[in-house]
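Chains as they are written, first to last, in my numbering: chain D, 117 to 230; chain Y, 1253 to 2119. Data block below; observations after.
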Amino acid sequence: MSKQHLGELEELVLLLIIMLEPEDAYGLEIRRALKEHASRTITIGAVHGTVNRLEKKGLVKSHLGGATDERGGRRKRLFTITAHGKSVLRQSRDVKVNLWQQIPELALSNLRIT
Amino acid sequence: MKPESNEPPKQVELFLSWLCKPDVLEEILGDLEEYYLELTEKPRWQRSILYWFQVMHFLRPFALKKISTYRPFNHPPMFRNYYKTSSRNLVRNPLSLFINIFGLSMAIGVCILAYGFSQWVNNVDEFHKNKHSVYLTTFFADRDGTLQQNGLTPRPLGEMLRADFTSIERVCRLEDRNVVVKYEDRVFHEQVRFSDPEFLDMFTFPLKWGTKHSLSDLNSIILSEEMAIKYFGTENPIGQDVRIIFGENRSKVFTVAGVAEPFPDAHAIDFDFLVHFDNLIEAEPSYNFNDWGKFVNATLIQVNNPENINTIERGMGRYKRLQNEAEQDWAIATFAFEPLATLYQHSGDIRNTISSPYYSNNYQAQIILSILALILLALACFNYINIAIVSAAKRLKEIGLRKVIGASRQMVITQFLTENVFVTLFALLLGLFLAVTVIIPWFEQINSFSMEFKLMDHVLWGFLVVVLLFTGVASGLYPALYIARFNVVNIFKGSVRFGRKNPITKVLLGFQLVLACLLIVCAIMFTQNSTYIANRSWGYHPEGALYTSVHDYSAFEQLKNVMIQNTNILSVSGSTHHLGRDHTTTVVRNANRQYEVDQLSVDTHYFETMGLEVTSGRVFNNHSESDRLTVIINKLFAKNLNLENPIGELIDIDNTKYEIIGVVDDFHPYSFYHAIQPTLFKIAPEQDYRFLSMKVQVGSENETYATLRNTWAQLFPEIPFQGGYQEDVWGNYFEEVATHGKFWRIIALVTILLAGLGLFGLVTLNVSGRVREFSVRKVLGANLKHISAVIIQQYILLFAIALIIGAPLSYFIVAFFFDSVYTYHIPMNILSVALSVLILIIVLLAVVFTQIGKISKSDLVSGLRVE
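Below is the structure:
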């Protein structure tokens, strides 16, 4: 695929993965961080769905962490961002910054974000 | 709080592991559990709800297992291969094939019989278009404590119903009279049905000739097809005149205006001759249509909407009052309406109904037959399952190879199921053939009826398909699952050893034995019963007694005067009623209780002529006048009256006091199907004599009977003779009871055969699988006794358990069965059960000994050689 399209939730999750890596970038923790930093509450299933999609796109890679006494001895799947992931993220930011800069001040002042 | 409350519900793990891909399962469950622990603060119920909410959100594409995309389940060429292996396999084991095919086809044949019979039973009166809107008016009356339903109705009721209810569309009264019908030189006693002209509108009997409206003409008569042939042959008789002789000086000429099509075999209501109801005046000048104290045989109504019947039933109260004022002895409790559609099922419980009670017996027979068919089918299926399991050993390599080259478990199951459906199909065709050519004709012949079995019936074919699939799957599913379960590696290693000790085989065999035991006990009991019934005393002495009906007293006098000169005759008597032929019902009052009793009016010699035993008191004196107010009762009535010594007591009949002067032994006036009724005898006025009976010297019955017939023909050439030997009054009852014996013997034989064949198959397979073992035993010095013991040992415990359960079970089931079928029957006895156990043991020994013979002759060397 020549052009990777990045969804809004995907972008957020990707950013959070960078923030949480390497120790805490797994499903439930991502969900918690999402709630904390972006005030978004989504189901655990949705988080898993999103990271799964990101992995398929090659933006993150994952490995199973070591087993601990927590979680009934079950291992966590820990995510790390790939180089491709980083560049897609950067591109996405650039597009937005570029767009922001093109908007005249006047028009922006009337924008009311509620 | 319990400690385990911190663990998430266990079901989740099962639920998700069932639905989710295994490689993502671990992380999902881990996250979920962690999440659950976060919720410790919340109340339990809320926690559960939140948790499940999260769980359900995992049901999304990335996590779910792939639903396998369509992949051809099996290839047509594979089925060809299945067919080939199956047919080779079947041919290689002709014994198993024979046992399976024979058993299944017998069972399916009986199923088809049961189906045909229930079709026939349920078709009774089905052809009437108005069967759901026509009702028979009945009433309930209190008879000595129990409510008895009765099909008679007060005479004026019909006309009043017609006038009072707008929802009643048609009303039809029916009255039957015995008459003599004369056409040219053909003269017979017949029964004529007087009916309102609506009869043929309500009962849609199609007419072959003529129109149904002709019934409204007072001079018309409509014949059944049978009667038309009897009098006119096959010609169209419309317009012909027949004379109907109602009595001595009363007769009327009717013109034939219609002939009915032949009635379907399954009908409970029919007619021979139909004439207009108002002709009753001709037949019986004193007939009063408006007398509430008298009854008419039946009143039928047709309503515009079956829902209205409840309204009509509620409105019957005023008629009840009218009736009970007129006839206090027969106080009616309620009126009730019986729909024509189900009348035949209930007609056994309704007294005096126009609908033949014969069919309510068939209803019972239908259930018995269906149960029987199921039992046989079960036996055959068990045989199949047992043999399939045991012979699976021979096909292990085949199954192993199939699995190795890629057959999945489903494929192996499919293979065995198709093989089984194929065998069942073959058995089904054979069973159908057997049913049509052997079983149904045999059943019809021993019961002498025709059940109009039709092959071209789509319901039948539907039924057959159901039987095919049911039998095929029921018998094949377990063996298929069982066989497909084996692990390939174990098969080739040779470590799979099975078939010999499968508990299912034992349970099924034991179950078969129990069923066989039950049916054999049935057969023995029915056989014993037919002898018992044939020898059971009638309670009087019918041997040497002859009777004939006479039309009036002068005929009686003439006949008696001629016959009395015959020296063979010991006594002659006249009576209004006669044992086995006629009686009337009367209500007796005594000590404020009412009794409904059978009444026979007889003369002074009757007891001597019929051989009724007087146990106490006396019979009527010769001076019959002085005994006009006396009665003789039977023992049962004496017992019901609760009188220590009934002689000399007074009882009240129609507000007149009668003195009891004698008690006779209980006797059966009708067949043993009917319970003995409380009965009383009265003196008959001479002008009411309708029967002449006589006792003749032993050995001269036939001769005297011939004389009686000749005398009759000389005296009354116009009137047909109606009489016979008293012993023949219920002659076909014995045939019927003997038929039951015959039927059950055949069924038991089939059962023994099925169970025996199954056992034979099992033992044979078992022995042939152990040839090497037996050879080793023989080499080591075992003699035949040891080897027999080894074989029998396997079955002896099973047999013992099966018979210990089966014998008492059969005893109680058969006892219950007999009580519900017969009013009087042979008492249940241990002998039949013992005999049945003995038969089964003999079968076991016989089966085992055939195999022992085979082993003793077998060649040691070939038995021991490997490969």
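We put the CB at the ideal spot given by N, CA and C, even for glycine. Quantities reported herein were computed from a predicted structural model and do not represent experimental measurements.
- Contact between D1524 (chain Y) and Q1401 (chain Y) does not hold, since their C-beta atoms are separated by about 26 Å, which reaches or exceeds 8 Å.
- For Y1335 (chain Y), the closest Cβ of chain D is not nearer than 8 Å.
- About 19 Å separates the Cβ atoms of L150 (chain D) and V204 (chain D), ruling out a contact at the 8 Å cut-off.
- Note that the C-beta distance between N1604 (chain Y) and G1403 (chain Y) is below 8 Å.
- Look at K151 (chain D): its C-beta is not under 8 Å from any C-beta on chain Y.
- Rounded to whole angstroms, L1475 (chain Y) and D1879 (chain Y) show a C-alpha spacing of 46 Å.
- Listed in chain order, the beta strand (DSSP E) elements of length 3 or more contained wholly in the stretch 1424-1482 of chain Y are 1438-1447, 1459-1462, 1472-1475.
- Around the beta-carbon of M135 (chain D), fewer than 16 other beta-carbon atoms lie within 10 Å, marking it exposed.
- Taking 8 Å as the CB threshold, R1299 (chain Y) stays off the interface with chain D.
- Contact check for L130 (chain D) and L194 (chain D): beta-carbon distance about 15 Å, past the 8 Å limit, so the pair fails to qualify.
- Residue environment: Q1966 (chain Y) is assigned as exposed (fewer than 16 neighbouring CB atoms within 10 Å of its CB, all protein chains considered).
- Taking a C-beta distance under 8 Å as the contact criterion, I2053 (chain Y) and V2100 (chain Y) do not qualify as a contact pair.
- Close partners of G1282 (chain Y) in chain D (Cβ separation under 8 Å): R187, G188, R190, R191, K192.
- When DSSP states are grouped into helix, strand and coil, Y142 (chain D) belongs to the coil group.
- Residues of the stretch 128-151 of chain D with a C-beta atom less than 8 Å from some C-beta of chain Y are Y142, G143, L144, listed in chain order.
- V1376 (chain Y) carries a coil assignment under DSSP once its states are collapsed to helix, strand and coil.
- Contact with chain Y is absent for H121 (chain D), since none of that chain's Cβ atoms lies less than 8 Å from the residue's Cβ.
- The residue among Y:F1498, Y:Q1597, Y:T1586 with its C-alpha nearest the C-alpha of H1519 (chain Y) is Y:Q1597.
- Nearest C-alpha to T1670 (chain Y) among Y:K1812, Y:V1725, Y:Q1978, Y:V1711: Y:V1725.
- In the three-state reduction of the DSSP assignment, K151 (chain D) falls in the helix class, which pools H, G and I.
- In the DSSP assignment, no residue is bridged to I219 (chain D).
- Under the three-state reduction of DSSP, K1381 (chain Y) is assigned to coil, being neither helix nor strand.
- Note that the C-beta distance between S1700 (chain Y) and H1992 (chain Y) is not below 8 Å.
- For the pair of segments examined, the stretch 1329-1341 of chain Y was found to touch the stretch 1656-1673 of chain Y: the number of CB pairs separated by less than 8 Å reaches three.
- Boundaries of the beta strand (DSSP E) around D1850 (chain Y): 1845-1854.
- By the CB criterion at 8 Å, H1380 (chain Y) and P1591 (chain Y) fall outside the cutoff.
- For T1861 (chain Y), the enclosing alpha helix (DSSP H) stretches over residues 1858-1862.
- The beta carbon of N168 (chain D) sits closer than 8 Å to some beta carbon of chain Y.
- Annotation: Q1263 (chain Y) has no Cβ neighbours in chain D at a cutoff of 7 Å; minimum Cβ distance is about 15 Å.
- Using a 10 angstroms sphere on the CB of D1906 (chain Y), the tally of other CB atoms stays under 16, which defines it as exposed.
- Within chain Y, the residues F1305, Q1306, M1308, H1309, F1310 have their CB atoms less than 9 Å from the CB of T159 (chain D), given in chain order.
- As a beta-bridge residue in DSSP terms, V1916 (chain Y) pairs with Y:V1866, Y:N1886.
- Neighbours of E1286 (chain Y) in chain D, taken as residues at a C-beta separation under 8 Å, are given in chain order as L144, E186, R187.
- Within the model, the alpha-carbon separation for D1850 (chain Y) versus G1683 (chain Y) is close to 50 Å.
- Looking at the DSSP output, P1406 (chain Y) sits in a beta bridge with Y:F1547.
- For G174 (chain D), no Cβ of chain Y is located within less than 8 Å of the residue's own Cβ.
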